[in-house]
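**Student:** Going by my numbering, the final residue of the sequence shown carries number 569, and the count climbs one at a time with no gaps. Before I ask anything, here is the structure I am working with.
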Amino acid sequence: MSIAHAQPSKTENARFDVYKGNFVEKLWKINPSWASSVGYHKYDDVLIVPDAASRATELSFCKKELDTLKTFNVNNLTDANRTDYLMIQSYLKNTEWSIAQLKGYEWDPSVYNVSGLFADILGNEYDLLDNRLRSFYRKLIFVPAYYEAAKNNIKNPTLEHTALAIEQNMGGIPVFETDLKEALAKSSLSEGEKTQYAAAAALAVTAIKDYAEWLGKLDNKTPRSFRLGKKLYEEKFGHELQSGFTAEEIYKQAIAHKKELHTKMYATTQRLWTKYYKTAMPADTLTAIRQMIDRLSDDHVTAVGFQTAIEEQLPELAAFIKRKDLLFIDPTKPLVVRKEPAYMAGVAGASINSPGPYDKNGNTYYNVGSLEGWDKDKAESYLREYNKYILQILNIHEAIPGHYTQLVYANQSPSIIKSILGNNAMIEGWAVYAELMMLENGYGAIPLSPTDEAPPEMWLMYYKWNMRSTCNTILDYSVHTANMSKDAAMKLLVNEAFQQQAEAEGKWKRVTVSQVQLCCYFTGFTEICNLRDAMKKKSGKNFSLKQFHEQFLSYGSAPVKHIRALMLK
Ligand code: ZN
Ligand code: ZN
1 MSIAHAQPSK TENARFDVYK GNFVEKLWKI NPSWASSVGY HKYDDVLIVP DAASRATELS
61 FCKKELDTLK TFNVNNLTDA NRTDYLMIQS YLKNTEWSIA QLKGYEWDPS VYNVSGLFAD
121 ILGNEYDLLD NRLRSFYRKL IFVPAYYEAA KNNIKNPTLE HTALAIEQNM GGIPVFETDL
181 KEALAKSSLS EGEKTQYAAA AALAVTAIKD YAEWLGKLDN KTPRSFRLGK KLYEEKFGHE
241 LQSGFTAEEI YKQAIAHKKE LHTKMYATTQ RLWTKYYKTA MPADTLTAIR QMIDRLSDDH
301 VTAVGFQTAI EEQLPELAAF IKRKDLLFID PTKPLVVRKE PAYMAGVAGA SINSPGPYDK
361 NGNTYYNVGS LEGWDKDKAE SYLREYNKYI LQILNIHEAI PGHYTQLVYA NQSPSIIKSI
421 LGNNAMIEGW AVYAELMMLE NGYGAIPLSP TDEAPPEMWL MYYKWNMRST CNTILDYSVH
481 TANMSKDAAM KLLVNEAFQQ QAEAEGKWKR VTVSQVQLCC YFTGFTEICN LRDAMKKKSG
541 KNFSLKQFHE QFLSYGSAPV KHIRALMLK
C-alpha cells in the first residue's frame with residue numbers, strides 16, 4: 001500500500017484552525033486557573049471544586065474532543081497544524097489517563113492548594129486593583145467547598161505528599177491575611193466591601209487550616225508508597241515527555257552516558273593536575289576528579305559582582321554565535337536583563353520570564369538574582385557552585401542560545417497550542433544541547449589561542465553540570481521503578497555526581513514528590529543529539545550546523561520525535 005504525500009488541504013487546514021480556537025476556549029472554561037496563569041482572565045473569578053462531577057466534565061470534554069480530532073486527516077494538515085494536532089491529542093489522552101489511571105487526586109494531597117492562584121491575582125497587574133479584588137472575592141467564596149471536596153477525594157495518601165501539602169498550604173496563608181490586607185488598603189473599594197472581603201478571606205483561611213489539621217491527624221495506617229512503580233511510571237513518561245524512547249531505554253542511555261562522562265572527567269583531570277597541584281594525583285579516579293573540581297570552584301566571582309558578571313556575558317555569547325555562524329540571532333529582539341522583582345527575592349541565579357500567549361507585547365526578561373543579605377557561608381557555597389565556568393554554562397542554558405533564543409524562534413511561528421502545551425523535554429533538551437554545542441565550537445577559548453578550543457577547565461565543569469541531568473534521570477527511574485534507597489541515592493549524587501550534601505538532600509526530597517519531570521532534561525538532550533547525527537548522515541557533506549539549528553527551532557516547542565519525523569521525511 002502506498003500513501004502518497006498528500007498536499008496540505010486548504011479547506012481542511014482552515015477547518016482545523018477554527019477547531020483549535022474552539023478547543024482553547026473550551027479548555028479555559030473547564031480549567032479557569034490555568035487560563036489565568038497564562039494571561040486569559042475571563043474566568044478569574046471561578047474556582048473549580050475538584051469533585052467527581054468536575055472530573056466527569058473533564059473526561060467527557062476529552063472524549064468529545066478526541067472524537068472531533070478523528071474527523072481530520074492528519075496527512076492533509078500543514079507541518080504546523082500536524083504538530084498541533086498531535087499535541088492536542090496527547091494532552092487529551094494524558095488527561096484521561098491521569099484521571100482514570102494515575103489518580104493523583106486520591107493520593108497526592110498537595111495538588112490541593114489555592115494560595116498561588118490568589119497570589120497571582122494580587123501580584124499580577126493585568127487590570128485595575130479594584131477589579132482584581134472583585135475577582136479575588138468571587139473566587140474566594142468557593143474555597144471552603146474546594147477543601148471539602150479535597151478531603152472527600154483523599155484515600156491512602158503518601159506520607160511525603162501529605163507533609164508537603166501541610167507545609168505548602170500553611171505557607172500560603174499570608175496571601176489571605178497580609179497580602180490581601182495590604183491590597184484592600186490600597187484599593188478604592190467601599191468600607192462595606194472591604195469588610196465583606198476580609199470576612200470571606202477569614203473563612204478561606206479557616207478552611208485551609210482545617211485541611212492541614214485534618215491531614216495531620218489522618219488515620220493513614222497503610223500509606224501508599226511515594227514510588228510510582230514501573231507500570232505507571234512508564235505510562236506517565238510516555239504521556240508527559242512524548243519521547244521516541246521508553247523510560248527504560250532512556251535510563252539505560254543515562255547509565256552509559258554517566259560512564260562516558262566519568263572517563264572524560266578523569267582524562268581531563270589528568271591533563272589539568274600538574275597545572276593546579278604539586279602533590280601526586282590520588283589513585284582513586286573519583287577522588288581525583290572531585291579534588292580537581294574543588295580546586296576549579298575556587299575561581300568564582302564575588303557576591304557583589306554576581307549580577308554584573310551575568311549581564312556582561314550575554315553580549316559575548318551573542319557575538320560568539322555570530323562569529324561562528326551557529327544560528328541566526330534576531331538583533332531586534334534583545335533580552336531585557338533586570339534585577340529580580342521583589343516577589344522573587346531570595347532566589348539567586350538567573351531565570352527567563354517570558355510573556356504569556358495573551359500578552360504579545362510583553363517583554364521577555366532575564367531575571368538575575370542577587371546574593372544581597374545572604375550569610376557568608378551560604379553565599380560562598382553558592383558562588384563555588386556557580387563558579388566562573390558554571391556561570392557561563394548557566395547563561396548558555398537560560399539565555400543565549402538556550403531558553404531565550406528558543407523562545408524567540410518559537411514566537412516566529414506563533415501557535416497558541418505550542419505555547420500552552422509546549423513539550424518540556426524539547427524545551428529543556430534544547431537548553432542542555434546548547435551547552436554542549438557551544439563548547440564543541442570552542443566557547444571559552446583563550447582569545448587568539450591557535451587551537452580555538454574550549455579550555456579543559458571549562459570542559460571538566462561542563463561534564464559535572466551535564467552529570468547532574470544525567471543522574472537526575474538515573475535517580476528518578478531507579479527510585480520510582482526499582483526501589484532505590486535513600487542511601488544509594490545519596491551515594492550516586494554525592495560520590496558519582498560530585499554534588500554537595502545539601503544539594504543531594506534537596507534532590508532526594510524532590511524525587512519523593514515528583515515523577516518523570518526530572519527526566520525531561522536528559523531525554524530531550526539525547527533525542528536532539530540523535531537527531532543531529534541522523535541529519536548529518538542524511539545530508540552528508542552538505543550538513544550545515546546552522547541550518548540544522550534553525551530548522552529544528554522553526555517548529556516551535558513540539559516533541560522532538562514529531563520534529564524528527566518532519567526533518568527526516
Ligand atoms: Zn571562595
Ligand atoms: Zn532549563
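Where is the CB? At the ideal position from N, CA and C, for every residue including glycine.
Quick check on the burial criterion: 16 or more other C-beta atoms within 10 angstroms. Buried or exposed for K378?
**Tutor:** Classification of K378: exposed, given that the 10 Å Cβ count is below 16.
**Student:** So the candidates are Q168, G305, T268; which of them puts its Cα closest to the Cα of M292?
**Tutor:** M292 has its Cα closest to that of T268, out of Q168, G305, T268.
**Student:** Quick check: does the Cβ of R564 come within less than 7 Å of any heavy atom belonging to ligand 1?
**Tutor:** Checking the Cβ of R564 against ligand 1 gives no.
**Student:** What does the Cβ neighbour count give for S557, buried or exposed, with the cut at 16 atoms within 10 Å?
**Tutor:** Classification of S557: buried, given that the 10 Å Cβ count is 16 or more.
**Student:** How many whole angstroms separate the CB atoms of M461 and I393, which I take to be in contact at a CB cut-off of 8 Å?
**Tutor:** Contact flag correct, Cβ pair sits at about 7 Å.
**Student:** Can you tell me whether N94 is buried or exposed? The criterion is at least 16 other CB atoms within 10 Å of its CB, across all chains shown.
**Tutor:** With 16 or more other Cβ atoms within 10 Å, it is buried.
**Student:** Out of Y146, Q547, S351, N76, which has the shortest C-alpha to C-alpha gap to S115?
**Tutor:** Minimum Cα distance to S115 is reached at Y146.
**Student:** Residues around ligand 1, please: the condition is that the C-beta lies closer than 7 Å to some non-hydrogen atom of it.
**Tutor:** This criterion selects D298, H300, E380, L383, R384.
**Student:** Would you call the CB atoms of L261 and M467 closer than 8 Å?
**Tutor:** Yes; because the gap between Cβ atoms is below 8 Å, this pair is in contact.
**Student:** N312: which of A183, F23, T83, V336 sits nearest, CA to CA?
**Tutor:** The question names Asn, but residue 312 in the sequence shown is Glu. Nearest C-alpha to E312: V336.
**Student:** Let's test the definition: count the other Cβ atoms within 10 Å of the Cβ of P559 and tell me whether it reaches 16, buried, or not, exposed.
**Tutor:** The residue in question, P559, is buried, as its Cβ has 16 or more Cβ neighbours within 10 Å.
**Student:** Would R295 and Y276 qualify as a contact pair, given that the criterion is a beta-carbon distance under 8 Å?
**Tutor:** Going by C-beta atoms, R295 is nearer than 8 Å to Y276.
**Student:** Does the stretch 383–400 come within contact of the stretch 426–443, defined as at least 3 CB pairs closer than 8 Å?
**Tutor:** Flag = yes, the stretch 383–400 and the stretch 426–443 touch.
**Student:** Might you give, ordered along the chain, the residues of its own chain that have their beta carbon closer than 8 Å to the beta carbon of R271, omitting 5 neighbours on each side?
**Tutor:** So the qualifying residues of the chain are P456.
**Student:** Leaving out the 5 sequence neighbours to the left and right, which residues in its chain are closer than 8 Å to L184 when beta-carbon positions are compared?
**Tutor:** Excluding residues within five positions, the ones whose Cβ falls inside 8 Å are L133, K194, Y197, A198.
**Student:** How is S351 classed by DSSP in three states: helix, strand or coil?
**Tutor:** Here S351 sits in strand by DSSP.
**Student:** Pick out whichever of T57, V513, K491, F118 has its Cα sitting closest to the Cα of S585.
**Tutor:** The chain is shown from 1 up to 569; residue 585 falls before or after that span and cannot be answered.
**Student:** For A114, which of helix, strand or coil comes out of DSSP?
**Tutor:** For clarity, residue 114 is Val in the given sequence; the question names Ala instead. Three-state result, V114: coil.
**Student:** Taking a contact to mean a Cβ-Cβ separation below 8 Å, would you say S570 touches D108 in this structure?
**Tutor:** Residue 570 lies beyond the residue range present for the chain, which begins at 1 and ends at 569; the question has no answer from this structure.
**Student:** Got a sec, what are the start and stop residues for the alpha helix (DSSP H) N131 sits in?
**Tutor:** That run of the alpha helix (DSSP H) goes 129–140.
**Student:** With burial defined as no fewer than 16 other Cβ atoms inside 10 Å of the residue's Cβ, what is the status of S415: buried or exposed?
**Tutor:** When all chains shown are included, S415 counts as buried.
**Student:** Strictly by DSSP, which residues pair up with Y147?
**Tutor:** According to DSSP, which records beta bridges pairwise, Y147 is partnered with nothing at all.
**Student:** Give the DSSP-derived three-state secondary structure of N156 in the structure shown.
**Tutor:** Looking at N156 - three-state DSSP - the assignment turns out to be coil, as it is neither helix nor strand.
**Student:** Under a criterion of Cβ closer than 6 Å to any non-hydrogen atom of ligand 2, which residues qualify, in chain order?
**Tutor:** Matched residues: H397, H403, E428, A431.
**Student:** Roughly how many angstroms separate the alpha carbons of N495 and N153, rounded to a whole number?
**Tutor:** Their backbone Cα atoms lie some 41 Å apart in a straight line.
**Student:** Going along the chain, which residues of its own chain have a beta-carbon closer than 6 Å to the beta-carbon of Y40, five neighbours each way excluded?
**Tutor:** W28, Y358.
**Student:** Give the secondary structure of V38 by DSSP, where H, G and I count as helix, E and B as strand, and everything else as coil.
**Tutor:** In the structure shown, V38 sits in coil (DSSP, three-state: anything other than H, G, I, E or B).
**Student:** Report yes if the CB atom of L140 is closer than 8 Å to the CB atom of A212, and no otherwise.
**Tutor:** No.
**Student:** Inspect the beta-carbon positions of Y105 and P50 and report whether they are closer than 8 Å.
**Tutor:** Yes, Cβ-Cβ distance for Y105 and P50 is below 8 Å.
**Student:** Considering only the alpha carbon of each residue, which of G238, H300, K264, E191 lies closest to A288?
**Tutor:** When each option's Cα is compared against that of A288, the closest is K264.
**Student:** Provide the residue span of the beta strand (DSSP E) that contains Y389, from first to last.
**Tutor:** No beta strand (DSSP E) contains Y389, which is instead part of the alpha helix (DSSP H) from 388–398.
**Student:** Identify, in the order they occur along the chain, each residue of the same chain with its Cβ nearer than 7 Å to the Cβ of K464, setting aside the five sequence neighbours on each side.
**Tutor:** Here the set comprises I293, F498.
**Student:** From the DSSP output, which residues share a beta bridge with R338?
**Tutor:** Paired residue(s): N367.
**Student:** Is L314 helix, strand or coil when you go by DSSP?
**Tutor:** Three-state DSSP puts L314 in a helix.
**Student:** Kindly indicate the opening and closing residues of the alpha helix (DSSP H) around K258.
**Tutor:** That run of the alpha helix (DSSP H) goes 247–276.
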